[in-house]
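As structure tokens, the structure follows; a few thoughts come after it.
2 protein chains.
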Amino acid sequence: MGRIEVTYWIRPEPGDTPDAFARRLAREQTVELPEGGYPVRLDAASVGVVESVTKAGGSEWQAVISYAAALADGVPQLLNLAFGNASLLGAVRLRDIRVPAGLRTIVPGPRFGVGGLRRLIGRDGPILLSAAKPIGLDAQELAARCAALARGGIDLIKDDHGLSDQRSAPFDERVARCVDAVERANRETGARSLFLPNVTAPIDVLGARVERARELGCRAIVVSPFLAGLDTVRWLAQTGDMVVVTHPAFGGATSTTDQGVEPRFRFGALLRLLGADGVIVIGAEGRFPVTQLEVRTVIEGLREPRDGTPASLPILGGGVDVVRAPRWAADYGPDVGLLVGGSLYAQGDLEAAARRLVSAVRAETGGERV
Amino acid sequence: MGRIEVTYWIRPEPGDTPDAFARRLAREQTVELPEGGYPVRLDAASVGVVESVTKAGGSEWQAVISYAAALADGVPQLLNLAFGNASLLGAVRLRDIRVPAGLRTIVPGPRFGVGGLRRLIGRDGPILLSAAKPIGLDAQELAARCAALARGGIDLIKDDHGLSDQRSAPFDERVARCVDAVERANRETGARSLFLPNVTAPIDVLGARVERARELGCRAIVVSPFLAGLDTVRWLAQTGDMVVVTHPAFGGATSTTDQGVEPRFRFGALLRLLGADGVIVIGAEGRFPVTQLEVRTVIEGLREPRDGTPASLPILGGGVDVVRAPRWAADYGPDVGLLVGGSLYAQGDLEAAARRLVSAVRAETGGERV
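Written out as structure tokens, the structure reads:
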């Protein structure tokens, strides 16, 4: 079945050795008992194997530990195996998880990927996204905004990620009206824009929301995995026939210089492995304190060759405006999404603002309907 | 319906004012649009209200922002409202969430609490826990360990948190055998020890695991909410008739000096609000780098008076041994659980080791069967 290969950065205390640290880590993540506290035969069957320990610079070392594939029978246990107790240890950062082909059933990767998404919306070049917002408007008002954005040429129009099933705009009514608004706009423009409902929900109603979205004709959905649970992405990718886009809400503050999950993996490769077709990535220069370098590494995690797993579409958000969008489209494109919200709304006439944005981006980078 | 009150620590940049920062935060978490970008009526209905901003020391300020209860219709959206985008902002830490009585349906608090748990197991004084481990043993071997621990006087014997449904010890067989082993031991000893299966699972099989545990006679379960999703705890508390104990796996690296969720809330009050009857808390002096002060604040979050919400049982783990256990029982008891694993296994004869531990703790603190 092959083995699961996990890469860590470790920082042994003075007096400890990197090899001893890595061996303790391999036990902590599996038998969780010191040597001698478990039957010897488990050393081969269950304990992680330290594959390599190499100096990474400063007081940090890179350790690669492999685990038997049979130890992980689902996303929660895969993440537990890789980083459950380790997340609490300090001095350990998770860099990457590589799974053997035999585990594709539990981490399926994107079902549509960039190519499948493009076929759905019939669009080359950068993909433009915006959100129907804000929370507090009723379903009709939100649908009117969807219509304006679709007529203005936005490809993917998503629920704002705070829209759930509040009385101000209940899920069923909102999704029905927004899907309808975008379809009417498509008939006018000839485009194939899509509306993406937010299916982030309590676990006992998630299934019903997804089913309802499907019945209403949705071909794509958005979910916040750090709120709904990471396995939600896998489940949506595996059981749905809809494009899955993720939002990073509640995902912050998970990595520091000496512990946590590296942004490249947490906001990039991990979501791709789980099955996200599109991943909203916080861009630099906006409202959030991320660097260009961090953005690039996250995008790399979504795109780099990875055992045949399709690439996910990086969708830059978090303060992308009409000035930055064309530049970023050129820098990161053509396989990139640009999520523009507040700066369109600030211009008053949403349809005209969307049209200006679309023209500016297409002028810079192309991207015709295909 | 009342309002949701969220307390943050904020750290405005030089040149910014704490009040302006707090107002931006209140919009970021709700309308997510700058002033002027949304209808004025939403200021009252949807935007968070800055209730107070007070100096906290250094460059930090404490801000209390209230949100209309109607904005949150479930755990994911409550957490999103309180800290979704804010988690990505940097310079903001989440300290606490207070919910009005009208939201008890979405954050129910513990169903059993410490009192209900004591009635189930018939035990005064500190509650002793251990784990059936390690991963890789078969169901019979794990059940034999359960029997030894129960005969030795351990009150709650849980699955190791890495045990899921692996072929080495499939869930159904393992739980059936372990429940049976503990019940047999109870008939010998006259005690009412319980076996707690780990129900952490992919979202589409979680329900079946819980149902199976119930059918097999389990009265308590353990779950890792940072792996399975935080709303899992709420769902288990609300729909189950079993005591819910949480494990902190994958929950680390979530707070730094300038962002994240304060440990007191994340590992304490939050899990209590969601409905955890018992919360495994990483103790100091063990394998994990937490301070006594941090442990005390987490315990405080589980116990302090909180609008009538029952207290959750703090369960100290992560390196509690036979030397520390009696001292901690005295320091933190009597309403405390002590989870002792590795140091019992290291002694070879598990039943005798458990008996010595129980005697040492009872000698220090009492705790008779009632």
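Chains as they are written, first to last, in our numbering: chain A, -4 to 365; chain B, -4 to 365.
For glycine and all other residues, C-beta sits at the position ideal for the given N, C-alpha and C.
Review point. When DSSP builds the beta bridges, which residues end up paired with SER159 of chain A?
Key: By one-based count along the first sequence, residue 159 of chain A stands at place 164. DSSP output for SER159 of chain A lists no bridge partner at all.
Review point. What number of angstroms, rounded off, separates the C-alpha of ALA164 of chain A from the C-alpha of VAL102 of chain B?
Key: Locating residue 164 of chain A in the first sequence gives position 169, counting from the first residue. Locating residue 102 of chain B in the second sequence gives position 107, counting from the first residue. Approximately 22 Å, taken between the alpha carbons.
Practice item. Report the neighbours of ALA196 of chain A on chain B: residues whose CB is nearer than 7 Å to its CB, in chain order. Key: Residue numbering aside, residue 196 of chain A sits at position 201 when the first sequence is read from its first letter. Chain B residues near ALA196 of chain A: GLY69, PRO71.
Exercise for review: Report the residue from A:GLY31, A:LEU89, A:TRP4, A:ALA349 whose alpha carbon sits nearest the alpha carbon of GLY53 of chain A.
Suggested key: Against the first sequence, residue 53 of chain A aligns to sequence position 58. For GLY53 of chain A, the nearest C-alpha among the options comes from A:TRP4.
Check your understanding: Cα-Cα, which of B:ALA320, B:LEU334, B:TRP230, B:PRO329 is closest to ILE275 of chain B?
Key -> Residue numbering aside, residue 275 of chain B sits at position 280 when the second sequence is read from its first letter. Out of B:ALA320, B:LEU334, B:TRP230, B:PRO329, B:LEU334 has the C-alpha closest to the C-alpha of ILE275 of chain B.
**Study point:** Proximity test, Cβ basis, 9 Å: THR227 of chain A and chain B
**Key:** Along the first sequence, read from residue 1 onward, the residue named residue 227 of chain A stands at position 232. Closer than 9 Å: yes.
Review point. Comparing the C-beta of GLU27 of chain B with each C-beta of chain A, is any distance below 9 Å?
Key: One-based indexing of the second sequence puts residue 27 of chain B at position 32. It does; some Cβ of chain A falls within 9 Å.
Check your understanding: So, helix, strand or coil for SER250 of chain A, using DSSP?
Key -> The sequence position of residue 250 of chain A within the first sequence is 255, counting from 1. Unreliable positioning characterises SER250 of chain A in this predicted model, as indicated by a pLDDT of 47, which lies under 50. The coordinate reading is nonetheless provided below. The answer is strand: DSSP assigns SER250 of chain A an E or B state.
Review point. Closer than 9 Å, CB to CB, is LYS153 of chain B near chain A or not?
Key: Position 158 of the second sequence, counted from the first residue, corresponds to residue 153 of chain B. Judged by the 9 Å Cβ criterion, LYS153 of chain B is not in contact with chain A.
Point to revise | Short Cβ contact (9 Å threshold) for ALA134 of chain A with ARG93 of chain A | key: The residue given as residue 134 of chain A occupies position 139 in the first sequence. The residue given as residue 93 of chain A occupies position 98 in the first sequence. No, they are not a contact pair.
Point to revise | Per DSSP, the bridge partner or partners of GLY52 of chain B | key: Within the second sequence, residue 52 of chain B is the residue found at index 57, counting from 1. B:GLU55.
Exercise for review: Would you please verify whether the beta carbon of ASP302 of chain A is less than 9 Å from any beta carbon of chain B?
Suggested key: The sequence position of residue 302 of chain A within the first sequence is 307, counting from 1. No, because no Cβ of chain B sits closer than 9 Å to the Cβ of ASP302 of chain A.
**Study point:** Whole-angstrom distance between ILE277 of chain A and THR292 of chain A, CA atom to CA atom
**Key:** Position 297 of the first sequence, counting from 1, holds the residue named residue 292 of chain A. Position 282 of the first sequence, counting from 1, holds the residue named residue 277 of chain A. For THR292 of chain A and ILE277 of chain A, the distance between alpha carbons rounds to 12 Å.
Practice item. Taking C-beta pairs closer than 7 Å, name the residues in chain B that PRO284 of chain A reaches, listed in chain order. Key: Taking the first sequence and counting its residues from 1, the one referred to as residue 284 of chain A is at position 289. Ordered by position in chain B, the residues that pass the 7 Å Cβ test against PRO284 of chain A are GLY85.
Practice item. Run down chain B in chain order and give the residues with a C-beta less than 9 Å from the C-beta of ARG162 of chain A. Key: Here residue 162 of chain A corresponds to residue number 167 of the first sequence, with the count starting at 1. Those within 9 Å of ARG162 of chain A in chain B are ALA65, ASP68.
Practice item. Within the same chain, show all residues whose beta-carbon is closer than 7 Å to that of GLU346 of chain B, passing over the 5 residues directly before and after it, in chain order. Key: Against the second sequence, residue 346 of chain B aligns to sequence position 351. The answer, listed in chain order, is ALA143, ARG146, GLY147.
Check your understanding: What separation, rounded to the nearest whole angstrom, lies between the Cα atoms of PRO95 of chain A and PRO71 of chain A?
Key -> Here residue 95 of chain A refers to the residue found at position 100 of the first sequence. Here residue 71 of chain A refers to the residue found at position 76 of the first sequence. If I take the Cα positions, the gap works out to 17 Å.
**Study point:** Inter-residue Cα distance where the pair is CYS213 of chain A and LEU124 of chain A
**Key:** Position 218 of the first sequence, counting from 1, holds the residue named residue 213 of chain A. Position 129 of the first sequence, counting from 1, holds the residue named residue 124 of chain A. The alpha-carbon atoms of CYS213 of chain A and LEU124 of chain A are separated by roughly 16 Å.
Check your understanding: What first and last residue would you give for the beta strand (DSSP E) that runs through LEU89 of chain B?
Key -> As a working mapping, residue 89 of chain B is identified with position 94 in the second sequence. That run of the beta strand (DSSP E) goes 87 to 93.
Exercise for review: Rounded to whole angstroms, what's the CA-CA distance from VAL59 of chain B to SER47 of chain B? Just pull it up for me.
Suggested key: In the second sequence, residue 59 of chain B corresponds to position 64, counting from 1. In the second sequence, residue 47 of chain B corresponds to position 52, counting from 1. Between VAL59 of chain B and SER47 of chain B, the C-alpha separation is close to 5 Å.
Review point. What in chain A is Cβ-close to ILE275 of chain B, meaning under 9 Å?
Key: Within the second sequence, the letter at position 280 stands for residue 275 of chain B. The premise fails here: ILE275 of chain B is roughly 11 Å from chain A at the closest Cβ pair, so nothing lies under 9 Å.
Review point. By how many angstroms is the C-alpha of VAL35 of chain B removed from the C-alpha of GLY43 of chain B?
Key: Within the second sequence, numbered from 1, the residue matching residue 43 of chain B stands at position 48. Within the second sequence, numbered from 1, the residue matching residue 35 of chain B stands at position 40. The alpha-carbon atoms of GLY43 of chain B and VAL35 of chain B are separated by roughly 13 Å.
Exercise for review: Pull up the CB-CB distance for GLY307 of chain B and LEU266 of chain B, whole angstroms please, since I reckon it's below 8 Å.
Suggested key: One-based indexing of the second sequence puts residue 307 of chain B at position 312. One-based indexing of the second sequence puts residue 266 of chain B at position 271. Per the sequence shown, the amino acid found at residue 307 of chain B is Ser instead of Gly. The pair is a contact, with the Cβ atoms about 7 Å apart (cut-off 8 Å).
**Study point:** Local conformation of LEU28 of chain B per DSSP, three classes
**Key:** The sequence position of residue 28 of chain B within the second sequence is 33, counting from 1. It is coil, neither helix nor strand.
Review point. For the segment 327 to 344 of chain B, which residues have a beta carbon sitting closer than 8 Å to at least one beta carbon of chain A?
Key: GLY336, GLY337, TYR340, ALA341
**Study point:** Test: PRO7 of chain B CB closer than 9 Å to a CB of chain A
**Key:** Sequence index remark: in the second sequence, residue 7 of chain B carries index 12 (1-based). Not one chain A Cβ lies under 9 Å of PRO7 of chain B.
Point to revise | Contact residues within the segment 173 to 206 of chain B, judged by C-beta distance below 8 Å to chain A | key: THR195, ALA196, PRO197, ILE198, ASP199, VAL200, LEU201
Practice item. Closer than 9 Å by beta-carbon distance: list the chain B residues that pair up with LEU222 of chain A, in chain order. Key: Residue numbering aside, residue 222 of chain A sits at position 227 when the first sequence is read from its first letter. Simply VAL70, PRO71, GLN72, LEU74, ASN75, GLY79, GLY224, LEU225, ASP226.
Point to revise | Same chain, Cβ closer than 8 Å to SER250 of chain A, neighbours up to 5 away in sequence not counted | key: Taking the first sequence and counting its residues from 1, the one referred to as residue 250 of chain A is at position 255. Model confidence at SER250 of chain A stands at a pLDDT of 47, short of 50, so the residue's coordinates are unreliable; what they give is reported in the following sentence. The residues are ARG88, VAL256, GLU257, PRO258, ARG261.
Point to revise | One or two residues paired with LEU132 of chain B in a DSSP bridge | key: Taking the second sequence and counting its residues from 1, the one referred to as residue 132 of chain B is at position 137. BP columns for LEU132 of chain B point to B:ILE130.
**Study point:** Proximity winner among A:THR360, A:ALA244, A:ASP14, relative to GLU23 of chain B (alpha-carbon distances)
**Key:** As a first step, residue 23 of chain B must be located in the second sequence, where it is residue number 28. Nearest C-alpha to GLU23 of chain B: A:ALA244.
Exercise for review: Consider the Cβ of THR249 of chain A: report whether some Cβ of chain B lies at a distance smaller than 9 Å.
Suggested key: One-based indexing of the first sequence puts residue 249 of chain A at position 254. Any reading at THR249 of chain A is ruled out, since the residue's pLDDT is 48, under 50, leaving its predicted position unreliable.
Exercise for review: Indicate the three-state DSSP secondary structure (helix, strand or coil) for ASP326 of chain A in the structure shown.
Suggested key: Translated into positions along the first sequence, residue 326 of chain A becomes position 331. Helix.
Check your understanding: Applying the criterion that 16 or more other CB atoms from any shown protein chain within 10 Å of the CB defines a buried residue, is ARG229 of chain B buried or exposed?
Key -> Here the question's residue 229 of chain B lines up with position 234 in the second sequence. By the 10 Å Cβ count, ARG229 of chain B comes out buried.
Review point. When DSSP labels each residue in this structure, what does PRO7 of chain A get in the three-state scheme?
Key: Walking along the first sequence from the start, residue 7 of chain A turns up at place 12. If DSSP states are grouped into helix, strand and coil, PRO7 of chain A belongs with coil.
Check your understanding: Among B:GLY104, B:THR184, B:PRO9, B:PRO300, which residue has its Cα nearest to the Cα of THR234 of chain B?
Key -> Taking the first residue of the second sequence as position 1, residue 234 of chain B is located at position 239. Measuring from the Cα of THR234 of chain B, the nearest candidate turns out to be B:GLY104.
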